[in-house]
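Residue numbers (mature numbering (1 follows the signal peptide of the UniProt record, and there is no 0)): -19 to -1, 1 to 100.
Ideal Cβ placement from N, Cα and C applies to all residues, glycine included.
Fair warning: this is a prediction, and the values are worked out from it, not measured in the lab.
Note sheet for the following structure.
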């Protein structure tokens, strides 16, 4: 329930595929209490490439040897909404004794940036 409330609170964020993507996916409201060190940087590197080119169903792992945190990212599906290319992505984080799982629908707008889709 807490994860759902958190996702609802970030729906208005707009972000570029480079810097703000990490803040959207793992930043202030969603991840700051859980992710540490370079966790978000590592996850951003994996997810940025996946949004651009991974086929649906592909899963890639991420791991931070500094924190011991790890998990995976899966592109669930690709679709068009209002003529925009969109992708649903599931992110799993194993953060010590916590498991964080969420799905975020993202659509790419004309300038190449991605924003959370309102389904």
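Buried/exposed call for residue i, threshold 16 Cβ in 10 Å
i, result
"residue 99", "exposed"
"residue 96", "buried"
"residue 28", "buried"
"residue 81", "buried"
"residue 25", "buried"
"residue 45", "buried"
"residue 74", "buried"
Residue interval of the beta strand (DSSP E) (run including residue i)
i, result
"residue 80", "79 to 89"
"residue 96", "95 to 97"
"residue 19", "First-last for residue 19: undefined, no H or E at that position."
"residue 40", "40 to 44"
"residue 37", "Looking at the DSSP string, residue 37 is not in any beta strand (DSSP E), and its letter there is neither H nor E."
"residue 53", "51 to 62"
"residue 69", "65 to 76"
Test: residue i CB closer than 8 Å to a CB of chain C
i, result
"residue 66", "Looking at the structure shown, chain C is missing, and only one protein chain is on hand."
Integer Cβ distance of residue i from residue j, believed to fall under 8 Å
i, j, result
"residue 20", "residue 48", "6 Å"
For the 8 Å Cβ check, are there 3 or more pairs between the region 84 to 91 and the region 59 to 73? yes
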